[in-house]
Amino acid sequence: MIWQQIYFHLNHPIRYVRIVGVVVAIDDINIKYTVLTIDDGSGATIELKIVRNTPTESKPVESASNTTIDNVNVISQFGVFDVLVDKCRLDIGTVIKAKGTISEFRGIKQLDLKRVWVVTTTDEEAQAWAEAAAFKQQILSAPWHISSAEHKKIKNSIKAEKKKIQEYERRKMEHEAKKKERKEAEELYLAQRQLRLEMRRRKEETIMNAGALK
1 MIWQQIYFHL
11 NHPIRYVRIV
21 GVVVAIDDIN
31 IKYTVLTIDD
41 GSGATIELKI
51 VRNTPTESKP
61 VESASNTTID
71 NVNVISQFGV
81 FDVLVDKCRL
91 DIGTVIKAKG
101 TISEFRGIKQ
111 LDLKRVWVVT
121 TTDEEAQAWA
131 EAAAFKQQIL
141 SAPWHISSAE
151 HKKIKNSIKA
161 EKKKIQEYER
171 RKMEHEAKKK
181 ERKEAEELYL
191 AQRQLRLEMR
201 RRKEETIMNA
211 GALK
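In terms of the UniProt record's numbering, the sequence shown has 122 at position 122, counting the first letter as 1, and numbering is strictly consecutive.
Listed below in structure tokens is the structure:
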């Protein structure tokens, strides 16, 4: 089981991060990863990691993307390296709006890109910033709490998940026990069969030896 680190803003558990900013670097790390460095005006930059599908990984025929993001395509070949979002080529200075999950690489926080849009006009950029500001003011700035009904629902869900895990472990132990029993029974059968064959061989050898002496 893989446990993910949980991040909080005040007392809000954070699952996704949304940013608006300018692309200041595009790096072709290897055949698996491409990284966009974004300046969101906060005084620090953040890396967005694009996971590319390797040739051995299957991808639905109807999808033209060679990454885990449907509208993102990475073209990497001799003399050419481009990142396309909705068939629009990203360049240094392109403004994007992105959504991702928090991860960490060599002690530095980065975002695993999940969704991305190109912001083509100043009006779109202003609207994106307004949406981010409104979300912070209306949602993140207010204390997060759940109702008693929601709390009860969560507790029941945790209990059900725990019970599910316990049932899985029980069935796994039963399966292993039956597997061991079958193996022991098979080994016993083979040993007994070998013993019978050996006794038969000795009996036949005794009869043949007795006949040879006559």
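Note that CB positions come from ideal geometry on N, CA and C, so glycine has one too.
Quantities reported herein were computed from a predicted structural model and do not represent experimental measurements.
As a beta-bridge residue in DSSP terms, Leu113 pairs with Gly100. Counting only unbroken stretches of 4 or more residues, no alpha helix (DSSP H) element lies wholly within the stretch 146–191.
Sequence-distant Cβ neighbours of Tyr33 in its own chain, meaning closer than 8 Å and more than five residues away, are Lys49, Ile50, Val51, Arg52. Ranked by Cα distance from Lys114, the first of Gln77, Leu140, Asp70 is Asp70. Straight across, the Cα-Cα distance linking Pro13 with Ile6 is about 7 Å. Around the beta carbon of Lys97, 16 or more other beta carbons lie within 10 angstroms, which makes this residue buried. When C-alpha distances from Thr122 are compared across Lys153, Arg201, Val95, Lys203, the shortest belongs to Val95.
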